[in-house]
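Visitor: Read left to right, the sequence shown gives residues 37 to 306 (this note's numbering). Note that beta-carbon positions come from the ideal geometry of N, C-alpha and C, so glycine has one too. What follows is a single structure, and I will ask about it in a moment.
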Amino acid sequence: MIDGEVWLRSEGAEARILPDAGCRLGSLRAHGLELLRTRGERPEEWGSYPMVPWVGRMGGARFEFAGAVHEFPADAPPHALHGLGYRAAWKQVAGDAGSAAFELALTDPWPFAGRVEQTFTIRPDGLTTVLRVESDAEAFPAQAGWHPWFRRRLAIGEPLELSFEPAWQEERGPDYLPTGRRIPVVPGPRDDCYGTPGGLDATLLWPGALRLRMTSDCDYTVVYDMPADHVCVEPETGPPNGLTAPTTHLVRPGEPLIATTTWTWASVGV
């Protein structure tokens, strides 16, 4: 048992939240089936964790805002990966048997005063997660999203099949950063960002086992299906390396960035 773990349970479903390990889902079981990779050698390679206050790779581990350059540890050299939240310890601020809320203060190396709240609510047929980024003082750019590591195979049934209909694909450069050019969707394997304007609506089907519908109000989605045993479907409020893109949300006091994703599941027969 990990100190500080929080369990949420509803009929036929249970979620294990690890506040000290980036406030991630360390386990999610539905109809008796574990859906996630529950351990990994690196913190970015397991569970389902929040990406905040940026998503994906930050090019060169730096960004410029209001005339100042801000630098971060290059944990995926030469880039900074997936924000700061997934490596931090979060504090639980509310909870009961079916829901829980956690908070993270945005501090050094993040240069702006603010905080993030993440809430989880479980039901017999699903889980809803919300991220809320707030400023304590000045305006700053922010992104938010999630990085789940789904098992390609569950304990029963056939391998995972993913279906969704993006409006475009962000062209990927040799440095794995979007070039800024939108292109038609091309075949995988994928470590790519897609436009899902108006929100994501994806189906993850394990034939003979489970169907999961993932919806989100996020306008971008990254799919990473290069690993042999896992598939990542990542709703995000913006593209990787997009912290200062024109479409990036500016968080101001009283004007938070809020992102929501809902997973709804049902068992399916052979």
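When you compare only the Cα positions, how much space is there between I38 and G290?
Guide: Looking up residue 38 in the sequence shown gives position 2. Looking up residue 290 in the sequence shown gives position 254. Low confidence applies to I38: its pLDDT is 45, below 50, so where it sits in the model is not reliable enough to give any reading.
Visitor: Which residues share a DSSP beta bridge with R75?
Guide: In the sequence shown, residue 75 corresponds to position 39, counting from 1. The partner list for R75 (beta bridge, DSSP) is empty, contrary to what the question assumes.
Visitor: Determine the burial state of P214: buried for a count of at least 16 other Cβ atoms within 10 Å of its Cβ, exposed for fewer.
Guide: Mapped onto the sequence shown, residue 214 falls at position 178. Flag for P214 reads buried.
Visitor: When burial is assigned at 16 or more other CB atoms within 10 Å of the CB, is C91 buried or exposed?
Guide: Mapped onto the sequence shown, residue 91 falls at position 55. For clarity, residue 91 is Val in the given sequence; the question names Cys instead. Label assigned to V91: buried.
Visitor: So, helix, strand or coil for D255, using DSSP?
Guide: As a first step, residue 255 must be located in the sequence shown, where it is residue number 219. Note: D255 maps to coil in three-state DSSP.
Visitor: Please give the ranges of any beta strand (DSSP E) in the stretch 192-264, keeping only runs that are unbroken, at least 3 residues long and fully inside the region.
Guide: Listed in chain order, the complete beta strand (DSSP E) runs (minimum 3 residues) inside the stretch 192-264 are 197-199, 204-208, 214-219, 227-231, 236-242, 246-252 and 256-260.
Visitor: Compare the Cα-Cα distances from T164 to each of P276, L61, T273 and P225 and report the closest residue.
Guide: Translated into the one-based positions of the sequence shown, residue 164 becomes position 128. Comparing Cα positions, the closest option is L61.
Visitor: Indicate whether the contact test is met: 3 or more Cβ pairs, each with one atom in the stretch 222-232 and one in the stretch 163-177, closer than 8 angstroms.
Guide: No, because fewer than three Cβ pairs between the stretch 222-232 and the stretch 163-177 fall closer than 8 angstroms, the two stretches do not touch.
Visitor: Would DSSP call P145 helix, strand or coil?
Guide: Walking along the sequence shown from the start, residue 145 turns up at place 109. Correct three-state label for P145: coil.
Visitor: Would the beta-carbon of F156 fall within 8 angstroms of that of I53?
Guide: Position 120 of the sequence shown holds residue 156. Position 17 of the sequence shown holds residue 53. For F156 and I53, yes; Cβs fall inside 8 angstroms.
Visitor: List the DSSP bridge partners of L54.
Guide: Residue 54 sits at position 18 when you count from the first residue of the sequence shown. Answer by DSSP bridge pairing, in chain order: R60.
Visitor: Once the 5 residues before and after H106 are set aside, which same chain residues still bring their CB inside 7 angstroms of it?
Guide: Here residue 106 refers to the residue found at position 70 of the sequence shown. Counting only Cβ-Cβ distances below 7 angstroms, and skipping sequence neighbours, we find R98, F99 and P147.
Visitor: Could you please give me the residues that DSSP links to L279 through a beta bridge?
Guide: For the purposes of this step, residue 279 is taken as residue 243 along the sequence shown, with counting starting at 1. According to DSSP, L279 bridges with nothing at all.
Visitor: So what does DSSP say about Y122, is it helix, strand or coil?
Guide: Looking up residue 122 in the sequence shown gives position 86. Y122 falls in the helix class under three-state DSSP.
Visitor: G181 and M87: beta carbons closer than 8 angstroms?
Guide: Taking the sequence shown and counting its residues from 1, the one referred to as residue 181 is at position 145. Taking the sequence shown and counting its residues from 1, the one referred to as residue 87 is at position 51. Contact: yes.
Visitor: Which whole-angstrom value is the C-beta distance of R65 and P276, which I expect to be below 8 angstroms?
Guide: Your numbering for residue 65 matches position 29 in the sequence shown. Your numbering for residue 276 matches position 240 in the sequence shown. R65 to P276, Cβ: 30 angstroms. No contact.
Visitor: Could you tell me the distance, in whole angstroms, from the CA atom of S171 to the CA atom of L286?
Guide: Here the question's residue 171 lines up with position 135 in the sequence shown. Here the question's residue 286 lines up with position 250 in the sequence shown. C-alpha separation (whole angstroms): 9 angstroms.
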